[in-house]
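For reference, the structure discussed in these notes is given below.
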Amino acid sequence: MNYLILPFSTLLVCFATFQKPSELQVTDLSKVPMAMCHTGPDDMKAFANDPAFQALHPAPLPLEYTGMGKKITFKTADGVKARGYFIKAKKKSNKWLFVYQEWWGLNEYIERQSDIFYKDLDSTVNVLALDMYDGKVSADPKEAGKIMSETKEERLNAIVGGAYKYAGKKARVASVGWCFGGGWSLKSALIGGNKSIGSVMYYGMPVRDVEKLKTLNCDVLGLFATEERISKQVIEEFAASMKTAGKSLEYKIFNGVHGFANPSNPKYDETLAKEAYGMALGYLKKKFNS
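Each number in the working numbering corresponds to the 1-based position in the sequence shown with 133 added.
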């Protein structure tokens, strides 16, 4: 039998005080306590190989889908071309939505969701789904966890930076992502600097470093699940750090499992997913139309 030895920081997350499933929405950060020392890791890679966390990611349901967009490559600072799935706005536009994959990789579900955002944003926004795994895709939870755990921060940063350069100097970029991509939606906004106009993160691990958050150029919408690792405590620490950094955060903790908004997940919750998508779409429309 194989045993998994977890670092102490991860155990802090796993054994943090559990809350009863609940829904919480915060729009007034004046009611949130000031930033505190935070609990557990800042990156989902810390528990990517944890069987319990992998169990939250049942193998995705099969999907055959032909998207509206096309596969592209773009240059990066490290000299290795990055890949993406791109749907170009019908008319020339400096509005861009960066889409960040779940831990499965850039699969057909991400392509389909990118198309949905494109249509619901009235085909006026360039939509680019970034391939953060450099072509690797898996439908096996263990393999997907392994791929995520082996990603290198330097390469991921290079991919995001390359996407911003591809979008152009005048680009106004919002981002959205789920799980692994939820955390990268926020990191993308940090990397983008003054090009960033908004970030939507679905149940991703948030950055809680106040000094990093001070560099944000936009507000954030967080759509979280009721779970152990990205727990209510972690989310409240994020809210406190955002307040200390002087940044705006709106968030909701849904009474659903990690991955509740993913239609490929057997535990998909259509009602909660519809509500969360309505919040995400409304947020993005305001950003692109302001």
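From the three backbone atoms N, C-alpha and C, an ideal C-beta is built for every residue, glycine too. As the structure is a prediction and not an experimental result, all values here were calculated from the model.
Assigned exposure category for proline 396 - 16 Cβ within 10 Å defines buried: Walking along the sequence shown from the start, residue 396 turns up at place 263. That one is exposed.
Could you work out which residue in Ser332, Met177, Val260, Asp273 is closest to leucine 194 when comparing CA atoms only? Reading the sequence shown from its first residue, position 61 is the one you call residue 194. Per the Cα distances, Asp273.
Leucine 323 - DSSP class collapsed to helix/strand/coil: Sequence index remark: in the sequence shown, residue 323 carries index 190 (1-based). Helix, per DSSP.
Element boundaries [alpha helix (DSSP H), containing leucine 354]: Taking the sequence shown and counting its residues from 1, one reaches residue 354 at position 221. Careful: leucine 354 lies outside any alpha helix (DSSP H), inside the beta strand (DSSP E) at 353–357.
From leucine 145 to methionine 201, what distance separates their C-alpha atoms? What you label residue 145 is simply residue 12 of the sequence shown in a count that begins at 1. What you label residue 201 is simply residue 68 of the sequence shown in a count that begins at 1. The predicted model places leucine 145 with a pLDDT of 37, which falls under 50 and marks its position as unreliable; any figure quoted below should be read in that light. Rounded to the nearest angstrom, the two C-alpha atoms are 44 Å apart.
Determine, using beta-carbon pairs with one atom in the segment 181–190 and one in the segment 278–294, whether at least three such pairs fall under 8 Å. yes
Let's test the definition: count the other Cβ atoms within 10 Å of the Cβ of tyrosine 198 and tell me whether it reaches 16, buried, or not, exposed. Within the sequence shown, numbered from 1, the residue matching residue 198 stands at position 65. So tyrosine 198 ends up on the exposed side.
Exposed or buried, asparagine 398, counting other C-beta atoms within 10 Å across all chains shown (16 or more means buried)? Your numbering for residue 398 matches position 265 in the sequence shown. Looking at its Cβ environment, which holds 16 or more other Cβ atoms inside 10 Å, asparagine 398 is buried.
My guess is that phenylalanine 250 and serine 308 are in contact by the Cβ rule of under 8 Å, so how many angstroms apart are they, rounded? In the sequence shown, the residue the question calls residue 250 occupies position 117. In the sequence shown, the residue the question calls residue 308 occupies position 175. Their Cβ separation, rounded to whole angstroms, is 11 Å, which puts phenylalanine 250 and serine 308 out of contact at 8 Å.
By a C-beta neighbour count over all protein chains shown, 10 Å radius and 16 as the cutoff for buried, is alanine 378 buried or exposed? Here the question's residue 378 lines up with position 245 in the sequence shown. Looking at its Cβ environment, which holds 16 or more other Cβ atoms inside 10 Å, alanine 378 is buried.
Nonlocal neighbours in the same chain, by C-beta distance under 6 Å from lysine 400, ignoring five residues either side: Taking the first residue of the sequence shown as position 1, residue 400 is located at position 267. Answer for lysine 400: Val390, listed in chain order.
Proximity below 8 Å, CB of glycine 316 to CB of glycine 331: The count along the sequence shown starts at 1 and reaches residue 316 at position 183. The count along the sequence shown starts at 1 and reaches residue 331 at position 198. Going by C-beta atoms, glycine 316 is not nearer than 8 Å to glycine 331.
Which of helix, strand or coil does DSSP assign to alanine 222? As a position in the sequence shown, residue 222 is number 89, starting the count at 1. Coil, per DSSP.
Report the option in Lys228, Ala277, Glu287 whose CA atom is closest to the CA atom of aspartate 255. As a first step, residue 255 must be located in the sequence shown, where it is residue number 122. Ranking Lys228, Ala277, Glu287 by Cα distance to aspartate 255 puts Lys228 first.
Outcome for glutamate 156 when other beta-carbon atoms lying within 10 angstroms are tallied against a minimum of 16: Locating residue 156 in the sequence shown gives position 23, counting from the first residue. In this prediction, glutamate 156 has a pLDDT of 40, which is less than 50 and means its spatial position is unreliable; what the coordinates show is noted afterwards. Exposed: under 16 other Cβ atoms inside 10 Å.
Locate the beta strand (DSSP E) running through tyrosine 297, then write down its first and last residues. Along the sequence shown, read from residue 1 onward, the residue named residue 297 stands at position 164. No beta strand (DSSP E) holds tyrosine 297; the alpha helix (DSSP H) holding it covers 286–300.
Does the count of Cβ pairs from the segment 215–223 and the segment 291–298 closer than 8 Å reach three? yes
Taking the beta strand (DSSP E) that alanine 409 falls in, what are its first and last residues? Taking the first residue of the sequence shown as 1, we reach residue 409 at position 276. Where alanine 409 is concerned, there is no enclosing beta strand (DSSP E), although the alpha helix (DSSP H) it sits in stretches over 403–422.
In whole angstroms, give me the CA-to-CA distance for leucine 405 and alanine 413. For this step, residue 405 is matched to residue 272 along the sequence shown. For this step, residue 413 is matched to residue 280 along the sequence shown. About 12 Å.
Comparing C-alpha positions only, which one of Ala394, Ala409, Phe421 sits nearest to glutamate 467? Only positions 134 to 423 of the chain appear in this structure, which leaves residue 467 out of reach.
With H, G and I counted as helix, E and B as strand and the rest as coil, what does DSSP make of isoleucine 310? What you label residue 310 is simply residue 177 of the sequence shown in a count that begins at 1. Before going on, a small fix: residue 310 reads as glycine here, not isoleucine. DSSP places glycine 310 in strand when its eight states are reduced to three.
Measuring CB to CB, does tyrosine 233 end up less than 8 Å from serine 318? Counting from 1 along the sequence shown, the entry for residue 233 is found at position 100. Counting from 1 along the sequence shown, the entry for residue 318 is found at position 185. It is a contact, given that the beta carbons lie within the stated cut-off.
Which of the three DSSP states, helix, strand or coil, is assigned to lysine 208? The residue given as residue 208 occupies position 75 in the sequence shown. Coil.
According to DSSP, is tryptophan 229 helix, strand or coil? As a first step, residue 229 is located in the sequence shown; it is residue number 96 there, counting from the start. If DSSP states are grouped into helix, strand and coil, tryptophan 229 belongs with the strands.
For lysine 275, which residues does DSSP report across the bridge? Here the question's residue 275 lines up with position 142 in the sequence shown. In DSSP, lysine 275 forms no bridge with anything.
Please report how far the alpha carbon of glutamate 408 lies from the alpha carbon of lysine 303, in whole angstroms. In the sequence shown, the residue the question calls residue 408 occupies position 275. In the sequence shown, the residue the question calls residue 303 occupies position 170. Whole-angstrom Cα-Cα distance: 32 Å.
For glutamate 235, three-class secondary structure by DSSP: Start at 1 with the first residue of the sequence shown, and residue 235 comes out as number 102. Residue state, collapsed to three classes: coil.
Going by beta carbon distance, what residues of the same chain come within less than 7 Å of glycine 314, once the five residues before and after it are set aside? The residue you call residue 314 lines up with position 181 of the sequence shown. Excluding positions up to five away in sequence, the list reads Tyr233, Gln234, Glu235, Gly337.
Just checking glutamate 241 against the ligand ADP - is the residue's beta carbon closer than 7 Å to any of the ligand's heavy atoms? This structure does not include the ligand ADP; it has no bound ligands of any sort.
So, helix, strand or coil for lysine 203, using DSSP? As a working mapping, residue 203 is identified with position 70 in the sequence shown. In this structure, lysine 203 counts as strand in the three-state DSSP scheme.
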